[in-house]
Amino acid sequence: METSETSYAEAIRAGLDDAMRLDPSVFIFGIGVDGVSGVFGTTKGLVDTYGPERVFDTPISEQGLTALAAGAANAGLRPVLVHQRFDFSLYAMDQIANWISLWRYISGGIATMPLTIRVIVGKGWGQGAQHAKSLHAWFAHLPGLQVVMPATPADAKGLLVQSVFSDDPTLFVEARSLFSMTEDVPTEPYRISFGKAAHRRFGNDVSIVTMGSMTPAAIDAAEELERDGISADILDLRTIAPLDMASVFASVRRTGRLVVCEPGWGFMGVSSEILAQVTEEAHSSLLAAPMRVSWPQTYSPTSSALESAFYPGADQIAAACRKMVA
Amino acid sequence: MSADIPSPWELFSSMLKIRRVEELLMEEYHPADEMRCPVHFCVGQEAMPAALGLVMNPEDTLFTHYRSHGYFLAKGGSLDAMVAEFYGKDSGSNRGLAGSMELADHAAGHYSGAIVGGPMAIAVGDAFARKYRKSEGLTVTVFGDGSLDEGVSYEAMNLASLYRLPMLFVCEDNGYAAHTGPATRRSGDIENRAKAFGMDYRETDDKDPMALLDAVRDAYQSVADNGPVFLTVNTYRFCAHVGPTPDEALNYRPAEELAAAVADDSLQRLRTDLGEDAGARVATLEEQIAQSVEQAIRKAKSSPFPAKSLLGEAAASNTAAGLIQQVPDLADFSAFTAGQQEAKLEPY
Numbered sequence: 356m357e358t359s360e361t362s363y364a365e366a367i368r369a370g371l372d373d374a375m376r377l378d379p380s381v382f383i384f385g386i387g388v389d390g391v392s393g394v395f396g397t398t399k400g401l402v403d404t405y406g407p408e409r410v411f412d413t414p415i416s417e418q419g420l421t422a423l424a425a426g427a428a429n430a431g432l433r434p435v436l437v438h439q440r441f442d443f444s445l446y447a448m449d450q451i452a453n454w455i456s457l458w459r460y461i462s463g464g465i466a467t468m469p470l471t472i473r474v475i476v477g478k479g480w481g482q483g484a485q486h487a488k489s490l491h492a493w494f495a496h497l498p499g500l501q502v503v504m505p506a507t508p509a510d511a512k513g514l515l516v517q518s519v520f521s522d523d524p525t526l527f528v529e530a531r532s533l534f535s536m537t538e539d540v541p542t543e544p545y546r547i548s549f550g551k552a553a554h555r556r557f558g559n560d561v562s563i564v565t566m567g568s569m570t571p572a573a574i575d576a577a578e579e580l581e582r583d584g585i586s587a588d589i590l591d592l593r594t595i596a597p598l599d600m601a602s603v604f605a606s607v608r609r610t611g612r613l614v615v616c617e618p619g620w621g622f623m624g625v626s627s628e629i630l631a632q633v634t635e636e637a638h639s640s641l642l643a644a645p646m647r648v649s650w651p652q653t654y655s656p657t658s659s660a661l662e663s664a665f666y667p668g669a670d671q672i673a674a675a676c677r678k679m680v681a
Numbered sequence: 376m377s378a379d380i381p382s383p384w385e386l387f388s389s390m391l392k393i394r395r396v397e398e399l400l401m402e403e404y405h406p407a408d409e410m411r412c413p414v415h416f417c418v419g420q421e422a423m424p425a426a427l428g429l430v431m432n433p434e435d436t437l438f439t440h441y442r443s444h445g446y447f448l449a450k451g452g453s454l455d456a457m458v459a460e461f462y463g464k465d466s467g468s469n470r471g472l473a474g475s476m477e478l479a480d481h482a483a484g485h486y487s488g489a490i491v492g493g494p495m496a497i498a499v500g501d502a503f504a505r506k507y508r509k510s511e512g513l514t515v516t517v518f519g520d521g522s523l524d525e526g527v528s529y530e531a532m533n534l535a536s537l538y539r540l541p542m543l544f545v546c547e548d549n550g551y552a553a554h555t556g557p558a559t560r561r562s563g564d565i566e567n568r569a570k571a572f573g574m575d576y577r578e579t580d581d582k583d584p585m586a587l588l589d590a591v592r593d594a595y596q597s598v599a600d601n602g603p604v605f606l607t608v609n610t611y612r613f614c615a616h617v618g619p620t621p622d623e624a625l626n627y628r629p630a631e632e633l634a635a636a637v638a639d640d641s642l643q644r645l646r647t648d649l650g651e652d653a654g655a656r657v658a659t660l661e662e663q664i665a666q667s668v669e670q671a672i673r674k675a676k677s678s679p680f681p682a683k684s685l686l687g688e689a690a691a692s693n694t695a696a697g698l699i700q701q702v703p704d705l706a707d708f709s710a711f712t713a714g715q716q717e718a719k720l721e722p723y
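What follows is the structure, given as C-alpha cells:
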C-alpha cells in the first residue's frame with residue numbers, strides 16, 4: 356500500500372477530502388473552516404476544491420448549527436460540524452443529548468442521524484480552564500452517540516472517514532497537541548471501523564490501555580520499562596463508544612495487570628468504566644489492583660509552571676506500572 | 376400548494392376530525408389508564424393544523440412542538456398509528472418508544488418533540504438540505520409563544536434568514552407557556568423579534584378559519600418567492616395544558632377569558648357558515664369520525680407491545696451506508712507512530 360509522511364492535521368484534512376470527493380452530500384461548516392489557515396490545517400484549501408456551498412464559515416451559534424446539522428442529517432445529508440475547542444460544543448448539549456443521540460431510538464429504530472461533530476482539545480500555551488477540557492466521557496455516556504479519539508495520523512484519517520459515512524452521530528475528539536505528529540499514512544481512501552482497539556505494542560507483564568493524546572506517553576513509558584525488563588502490552592482504544600472491552604479482557608487475562616491512561620478526568624471517566632468492567636469480568640486474572648493515570652480533579656492552569664504539573668506523562672505511567680509489578 | 380382554494384367543507388371536516396379525536400381520546404384516557412404517557416391535547420386550536428394540512432404538499436416537512444396531534448393527522452399521519460403510539464404498542468408510529476410527546480411520521484414528513492425550541496432549530500437543517508439539493512418544497516415549523524423564550528429560537532431565525540432558507544415559521548400564540556402568561560416571560564413583542572432578523576412578519580388569528588387558510592396560503596406562496604416568513608396565529612387552548620382533565624383549579628388564567636374563548640369557538644363559527652343544509656352531511660361525518668376513533672382505540676388495545684429486544688435494537692446500529700462498503704477497512708492494521716515499531720498486519 357502506498358504511503359506518504361503525513362501529520363495528524365493533514366491526515367484529518369485528507370480524510371475530509373476523501374469523504375467529500377466520494378459523496379456530494381458531505382459538507383463542512385463551522386467557524387473558520389474556509390479560512391486561509393483552515394482550522395490548524397485540517398480544512399485548508401477544501402473550499403477551493405469543493406466551493407463555498409460545501410465548505411462555509413458560520414455565526415457563533417453552536418446550538419443552532421448543531422441543530423442545523425441534525426436537520427440536514429435527518430434529511431439525508433452528511434454534515435461535518437467543526438468546533439475549534441471541545442469547550443464550545445457545550446452550547447449544543449440540548450441538541451446532542453435531547454435530540455441527536457436519541458433520534459434513532461424514538462423513531463423506533465428507523466431514522467438515522469449521519470452527522471459528525473469534530474471537537475479539538477486544547478493543550479499548552481496557557482489554554483486554561485475554558486479551552487482545554489475533554490468531556491469525551493460525558494458524550495460516551497449517551498446511548499446512540501459514537502465517540503472517537505484518534506491517537507495517530509493514520510487512525511485519524513480512517514476513523515474520520517468512518518465517522519462521516521456512519522449512519523449514527525459521531526463526536527470526533529481531536530488532540531491539538533498531536534496535530535504535528537507525523538507518520539506514514541496510506542494515500543488511498545480507507546476507513547477504520549469502530550470498536551476495535553489498535554495493538555500498539557506486544558507485552559506480557561502489564562496491560563496499558565490508552566486513548567487519544569496519552570498514547571505517545573504510553574509508548575515512551577513502555578520503552579523505559581523495557582529497559583528494566585518489564586514488557587508492556589499497549590492497547591490504543593481508538594473509539595470509546597463503542598468500547599473494545601474484548602481486547603482489554605484478552606490482554607488483562609494474559610498480563611494480570613492493568614493501567615488505563617486517560618487524557619481527561621479519571622473521576623467518572625472512561626478509565627473508571629474500564630476498571631469497573633475488568634473488575635466485573637476478569638477479576639480472577641488480576642494480580643494487582645488496576646490503576647488509572649489521568650488528570651487531577653481540577654482545571655488546566657494557564658500558568659506554564661503549573662501546566663506541566665497538571666498533565667500526566669510517561670513518568671507517571673511508568674511509575675504506575677512499576678508499582679504494579681513490584 | 377394547489378392552485379385551487381380548499382372549500383369550507385374541507386376545512387371544517389379536518390377541524391371537526393381533530394376536535395372529535397381529541398375529545399374522544401380525552402374521554403377514554405381515565406380511568407382506563409392504558410395510554411400511559413403525557414398527552415397535550417389541542418382543543419380550541421384546530422384551525423391552524425387543519426389549514427396547514429390543506430396547504431402543505433407531501434414533499435414538505437413539518438417540525439412541531441408537542442401539542443401535535445392535529446398536525447400529525449393533517450400532515451397525513453395515520454390515526455391508528457397515533458393512538459397505538461399512546462398505548463405504547465409496536466404498531467405505534469414510533470413503535471411505542473416515543474408516546475405523544477415525540478410523535479413522528481417519517482414517511483409523511485412530520486416530526487415533533489418535547490423540548491421547547493428544538494424542533495424549530497432542527498427544521499432549519501431540513502430547509503438547508505432543500506437548498507443544498509436545490510429541491511422543491513418548504514420546511515414548516517410550528518412552535519408555541521413559549522418557544523420564543525428559548526435562545527436557540529433566535530439562532531434558528533438568524534440562520535434561516537441569513538441563508539435565505541425555504542421556511543415558514545408559525546408561532547401559535549395561545550398566551551401561555553404551560554401555565555405561565557406572557558407578562559412573566561416576555562419583554563417586548565413577537566413582531567419585533569422576527570423583524571430583527573429581517574423576516575417577513577405577519578400576524579392573524581384563527582377566529583375565521585377560512586381567512587386563516589387564506590393567510591396560510593399567502594404566507595406559503597411568499598416563502599418560495601421571498602424567503603422565510605414568520606406567521607403569528609393568535610389562538611386559545613380550551614383544554615388543559617397536559618392530560619384530559621381541566622386544569623382551571625390551578626388558577627393561571629381568568630375564568631372569563633376561557634369562557635369567552637369557548638363561546639367564540641371558530642369550529643362552531645365555521646359550522647354555522649356551512650348552513651342548516653349541511654346538517655345531514657355533518658351527521659354522517661360525525662359518525663365516520665366516531666367509528667374511526669373507536670376502531671383506532673380497539674386496534675390499539677388489542678395489538679401487541681414491542682418486544683423487549685427493541686430497547687437495544689433501536690439504540691444503535693454501528694452501521695455505515697453505501698459508499699463506505701467500497702472503501703477498505705484497515706481496523707486490523709496497527710500502524711505505529713514516529714518510526715518506531717513496525718506495523719503488524721495480523722489481527723491481535
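As you go down the protein sequences, you meet chains A and B in turn. Quick note on this note's numbering: the first sequence kicks off at 356 and runs consecutively. Quick note on this note's numbering: the second sequence kicks off at 376 and runs consecutively. Cβ coordinates follow ideal geometry from the N, Cα and C atoms, glycine included. Please read all numbers here as calculations on a predicted model, not as lab measurements.
Residue i (DSSP reduced to helix, strand or coil)
i: residue 619(A); result: strand
i: residue 718(B); result: With a pLDDT of only 33 at residue 718(B), under 50, the local geometry of the prediction cannot be trusted, and the value read off the model is given with reservation. Coil at residue 718(B), not helix or strand.
i: residue 513(B); result: coil
i: residue 530(A); result: strand
i: residue 378(B); result: coil
i: residue 538(B); result: coil
i: residue 362(A); result: strand
i: residue 547(A); result: coil
i: residue 659(B); result: helix
i: residue 384(B); result: helix
i: residue 389(B); result: helix
i: residue 661(A); result: helix
Between the CA atoms of residue j and residue i - distance to the nearest angstrom
i: residue 679(A); j: residue 670(A); result: 14 Å
i: residue 389(B); j: residue 667(B); result: 14 Å
i: residue 521(A); j: residue 503(A); result: 12 Å
i: residue 501(A); j: residue 451(B); result: 34 Å
i: residue 465(A); j: residue 380(A); result: 20 Å
i: residue 427(B); j: residue 570(B); result: 23 Å
i: residue 507(B); j: residue 462(A); result: 25 Å
i: residue 658(B); j: residue 396(B); result: 15 Å
i: residue 505(B); j: residue 598(B); result: 13 Å
i: residue 589(A); j: residue 632(A); result: 18 Å
i: residue 433(B); j: residue 511(B); result: 11 Å
i: residue 603(B); j: residue 539(B); result: 7 Å
i: residue 549(A); j: residue 560(A); result: 27 Å
8 Å Cβ cutoff met for residue i and residue j
i: residue 461(B); j: residue 410(B); result: yes
i: residue 441(B); j: residue 424(B); result: no
i: residue 523(A); j: residue 360(A); result: no
i: residue 514(A); j: residue 475(A); result: no
i: residue 590(B); j: residue 577(B); result: yes
i: residue 587(A); j: residue 577(A); result: yes
i: residue 421(A); j: residue 447(A); result: yes
Residue i burial status per 10 Å Cβ neighbour count (16 or more: buried)
i: residue 509(B); result: exposed
i: residue 637(B); result: exposed
i: residue 519(A); result: buried
i: residue 450(A); result: buried
i: residue 419(B); result: buried
i: residue 497(B); result: buried
i: residue 419(A); result: buried
i: residue 652(B); result: exposed
Where residue i meets chain A, residues with beta-carbon distance less than 7 Å
i: residue 355(B); result: Outside the shown range of chain B (376 to 723) lies residue 355(B), about which nothing can therefore be said.
i: residue 703(B); result: 545
Partners in chain A for residue i, counting only beta-carbon separations shorter than 8 Å
i: residue 639(B); result: By Cβ distance, chain A contributes nothing, its closest Cβ being about 37 Å from residue 639(B), past 8 Å.
i: residue 493(B); result: 422, 449, 450, 453, 454
i: residue 685(B); result: 463, 464
Contacts that residue i makes with chain A (C-beta to C-beta distance below 9 Å)
i: residue 419(B); result: The premise fails here: residue 419(B) is roughly 28 Å from chain A at the closest Cβ pair, so nothing lies under 9 Å.
i: residue 536(B); result: Result: empty, since nearest Cβ-Cβ is about 11 Å, beyond 9 Å.
Interface residues of chain B facing residue i [CB-CB closer than 8 Å]
i: residue 427(A); result: 500, 501, 503, 504, 507
Neighbour list for residue i in chain B, Cβ cutoff strictly below 9 Å
i: residue 532(A); result: Residues of chain B passing the Cβ test: none, with the nearest at roughly 14 Å.
Partner residues on chain B for residue i, Cβ-Cβ distance less than 7 Å
i: residue 463(A); result: 469, 470, 472, 689
Any non-hydrogen atom of the ligand ADP within 7 Å of residue i CB
i: residue 553(A); result: In the structure shown, the ligand ADP is absent, as is every other ligand, since no ligand is present at all.
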